[in-house]
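Participant: The sequence shown runs contiguously to residue 1226 in the working numbering. Got a structure here, written out as structure tokens. Questions coming.
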Amino acid sequence: ETRNVPPTVDVVIVGAGFSGMYLLHKMRQQGLTAVVFEAGTGVGGTWYWNRYPGARVDVESLAYSYSFSEDLEQEYPWEERYPTQPEILKYANHVADRFDLRKDIVFRTRVSSATWSEEENSWAVRTEHEDSVTARFLVMATGCLSAPKLPEIPGIETFKGTSYQTSRWPHEQIEFTGKRVGIIGTGSSGVQSIPVIAETADDLTVFQRTPSYSLPARNRRLREDEIAAMRATYRDYRQAQKESGAGVPVVVPTKSALEVTEEERNAAFEEAWESGSLVNLLSTFTDFATNQAANDTAKAWIHGKIHDIVKDPQVADDLCPDYPVGTKRPCLDTNYFETFNLPNVHLVNLHRTPLVEVTEKGIRTSDQEYEFDVIVYATGFDAMTGALTNVDIRGRDGLSLKETWSAGPRTYLGIGSAGFPNLFMITGPGSPSVLSNMIVSIEQHVDWVADAIAHLEQQGLRTIEATPAAQDEWVDHVNLLASYTLYPRANSWYMGANVPGKTRVFMPYCGGVGEYRKKCDDVAAQGYVGFSFA
Ligand code: NA7
């Protein structure tokens, strides 16, 4: 493996996940030079790091895939409805090979700082290995769920057994046979890994702070005929994705949950539950996301399902979430609730008996010490901003992105930030990103950024920068949309509520990817209104 770090390029891209790979491809097509820095040893980003047992995507493979290459779309042999992490990583590697991306990616290299030079109108980028590169443009393709978070409890380093973090899982197979395992966290990573670990562990104790709503994935192998049908209509499907609310086309609801009979309502929920699709559940009724009483009907119905599945009524109660459905990211699972019927699986409700510390032997809660051979941390991420503010980004006059965002992220369209010329974010805070099929949002941002860069080239301009006024207006708009919804009623990572000390603001744009795309296209059509140029 050679490390080819050019001293000067047109574009520095941070991250070789699905954003960074596509952006590199686009930049080359536009005749620009680019280098990608990637901390991992391979491509794939989120799908490179999250190797925990049971890891899968919760959007269907035929929809969770690039649309920019028709040949790729027509030829790629997806195997499962909801692919496993290894299958998605294989796809990422296939793309890297197919478009010959690796030669411009520098692996094992984390970017540490990026400093804007007023004199040069360029970014000086430094890495942990003291590489330094000058670039006109800096694009943060760093992902929304990539800066891991450990639980903020004392003693983690004292544990004498083995510890794993789901988002930093080792590359080799881990055996749980004969082991007593404790796991902290019941978001998607916990919900997906718990059933798989429970299959072989002697004993598995789940430490739950907040329960998750979860729908059975009903995963299966794809049939030849459905792959063929999708391939025959892919262009129309991709268009529908772009216009949809979440990057996955659904039948748009027309009725309030409160204007139908209970039978009708339950039938709709049952159908969504059987479909194994999160977007189907979230689009059963028009007022699901905005009206507490409407949302309560879904909540009660799902609580009923949990009680049907889980035999011990106390455990079932503990597994029932209290917040409105959809206000924290719901999960897709395979045998999650069923797993709590196994004799070797135990649930600890941390609301009753809070975590106190990790000890040499295991985990201590307020009422007892549990002994383990292995502790798994499925404790999530410093979502949406962590990977951006972890790099020391300095804009005009030494302005620090981290400090500028200390009261919450401020962006224009989730793409640019005032004071940081020629800096672009892919799926940044203030864009739909995590509320959508990520690949749809990624392609839209990359295309938009590539067009903006082409616009600068054509006009002979050096810099593009969000104006403070446009940014203020956008932040207000994003907040206003969130205020019409139930989202702010949950302590979610969408709100920054999972990271102590992080300011609570609802970070994603919740008006839907179709609406958002129109806004971005309008901005471009009006000569990039809201951006200033030099
Ligand atoms: P999540 O969804 O943020 O889940 C993390 C879990 O860890 C969640 O249940 C947390 O409880 C729990 N947690 C975090 N810190 C603690 C402490 N200190 N004590 C106890 N429990 C804790 O991350 P995932 O990796 O599962 O999923 C991230 C996204 O990836 C997911 O939404 C999908 O989009 C894909 P909390 O809810 O904060 O009370």
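Glycine is no exception: its CB is placed at the ideal position from the N, C-alpha and C atoms.
Output the residue ranges of the beta strand (DSSP E) runs that lie fully inside the stretch 992–1042 and measure 3 residues or longer, sorted by chain position.
Facilitator: 1023–1025 and 1037–1041
Participant: How about residue 843: is its Cβ closer than 7 Å to a heavy atom in ligand 1?
Facilitator: yes
Participant: For residue 1114, collect the residues of the same chain with a Cβ closer than 7 Å to its Cβ; drop the 5 residues on either side in sequence, then sort them by chain order.
Facilitator: 815, 828, 829, 830, 1155 and 1156
Participant: Measuring CB atoms only, is the stretch 1049–1056 touching the stretch 1073–1084, in the sense that at least three cross pairs come out at less than 8 Å?
Facilitator: No, because fewer than three Cβ pairs between the stretch 1049–1056 and the stretch 1073–1084 fall closer than 8 Å, the two stretches do not touch.
Participant: Using DSSP bridges, identify the partner residues of residue 906.
Facilitator: 1023
Participant: Mark residue 1179 as exposed unless 16 or more other C-beta atoms lie within 10 angstroms of its C-beta, in which case mark it buried.
Facilitator: buried
Participant: Considering only C-alpha positions, which residue in the set 1146, 1128, 1181 and 1099 is nearest to residue 1205?
Facilitator: 1128
Participant: Just to check my reading of the structure: residue 1085 and residue 806 have Cβ atoms closer than 8 Å, yes? What is that Cβ distance to the nearest angstrom?
Facilitator: 5 Å
Participant: Could you tell me the alpha carbon to alpha carbon distance between residue 934 and residue 1220, rounded to whole angstroms?
Facilitator: 21 Å
Participant: Helix, strand or coil for residue 1154 per DSSP?
Facilitator: If DSSP states are grouped into helix, strand and coil, residue 1154 belongs with coil.
Participant: Just to check, is the beta-carbon of residue 741 closer than 7 Å to a non-hydrogen atom of ligand 1?
Facilitator: Checking every heavy atom of ligand 1 against the Cβ of residue 741, none is found closer than 7 Å.
Participant: If distances are taken between C-alpha atoms only, which option among 998, 1033, 869 and 836 comes closest to residue 1185?
Facilitator: 836
Participant: Am I right that residue 1163 and residue 1104 are in contact with their C-beta atoms under 8 Å? What's the rounded C-beta distance?
Facilitator: 4 Å
Participant: According to DSSP, residue 1063 sits in a beta bridge with which residue or residues?
Facilitator: 1054
Participant: In terms of DSSP beta bridges, what is residue 749 paired with?
Facilitator: None, per the DSSP bridge assignment.
Participant: Is the stretch 1086–1104 touching the stretch 1062–1070, taking contact as three or more C-beta pairs under 8 Å?
Facilitator: Judged by pairs of C-beta atoms under 8 Å, the stretch 1086–1104 does not touch the stretch 1062–1070, as fewer than three such pairs exist.
Participant: How is the beta strand (DSSP E) around residue 1117 delimited, first residue to last?
Facilitator: 1115–1117
Participant: Just to confirm, is the Cβ distance from residue 1040 to residue 946 under 8 Å?
Facilitator: no
Participant: Which residues in the same chain as residue 1119 place their Cβ atom closer than 8 Å to its Cβ, once the five residues preceding and following it in sequence are excluded?
Facilitator: 711, 835, 836, 1106, 1125, 1126, 1130, 1133, 1134 and 1137
Participant: Are there 16 or more other CB atoms within 10 angstroms of the CB of residue 943, so buried, or fewer, so exposed?
Facilitator: exposed
Participant: Would you identify the three-state DSSP class for residue 881, choosing helix, strand or coil?
Facilitator: helix
Participant: Rank 724, 743 and 769 by C-alpha distance to the C-alpha of residue 916 and give the top, closest one.
Facilitator: 769
Participant: Pick from 702, 877, 931 and 925: whose alpha carbon is nearest that of residue 825?
Facilitator: 702
Participant: May I ask you to check if the CB of residue 780 is nearer than 7 Å to at least one heavy atom of ligand 1?
Facilitator: Remark: the shortest separation between the CB of residue 780 and any heavy atom of ligand 1 does not fall under 7 Å.
Participant: I'd like the span of the alpha helix (DSSP H) that includes residue 943, first residue to last.
Facilitator: From DSSP, residue 943 is part of no alpha helix (DSSP H); its letter is neither H nor E.
Participant: At the level of alpha carbons, what is the spacing between residue 744 and residue 1200?
Facilitator: 26 Å
Participant: Count the C-beta pairs between the stretch 919–931 and the stretch 974–983 that are closer than 8 Å, then say yes if the count reaches three, no if not.
Facilitator: Contact fails: fewer than three Cβ-Cβ distances are below 8 Å.
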